[in-house]
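Each remark here refers to the structure printed beneath this line.
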């Protein structure tokens, strides 16, 4: 799926979803477009990779049969 992004200089480009994640986390874009309109980073809510934020052990992955 291709997603339109807007860079800080106002230029726009279509990118694939994995690149969008990288651009968001690196702060290289100002906005990206969802089906309901533009999302402004730092203003509008954006889903985050919660697994990456949690530093503890994931007990679900360590269950024994």
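In this note's numbering, the protein residues as written are 3 to 67.
Here a beta-carbon is modelled for each residue, glycine too, at the ideal position from N, C-alpha and C.
Checking the sheet assignment: what are the DSSP bridge partners for residue 17? Walking along the chain shown from the start, residue 17 turns up at place 15. In the DSSP output, where bridge partners are listed per residue, residue 17 has 5.
My output table needs one value for residue 32: the three-state DSSP class, helix, strand or coil. On the chain shown, residue 32 is found 30 positions in, with the first residue counted as 1. In the three-state DSSP reduction, residue 32 falls in the strand class (E or B).
Counterpart residues of residue 41 in DSSP-defined beta bridges: Residue numbering aside, residue 41 sits at position 39 when the chain shown is read from its first letter. When beta bridges are read from the DSSP output, residue 41 appears opposite 34.
Spatial neighbours of residue 31 within its chain, please: CB distance less than 6 Å, with the 5 preceding and 5 following residues excluded, ordered by chain position. Position 29 of the chain shown, counted from the first residue, corresponds to residue 31. If the five residues before and after residue 31 are omitted, its C-beta is found closer than 6 Å to the C-beta atoms of 7, 9, 25, all from its own chain and listed in chain order.
Would you please state the rounded distance, in angstroms, between the beta carbons of residue 34 and residue 22? I believe it to be under 8 Å. Working through the chain shown from its first residue, we reach residue 34 at position 32. Working through the chain shown from its first residue, we reach residue 22 at position 20. About 6 Å separates the two Cβ atoms, so the contact holds.
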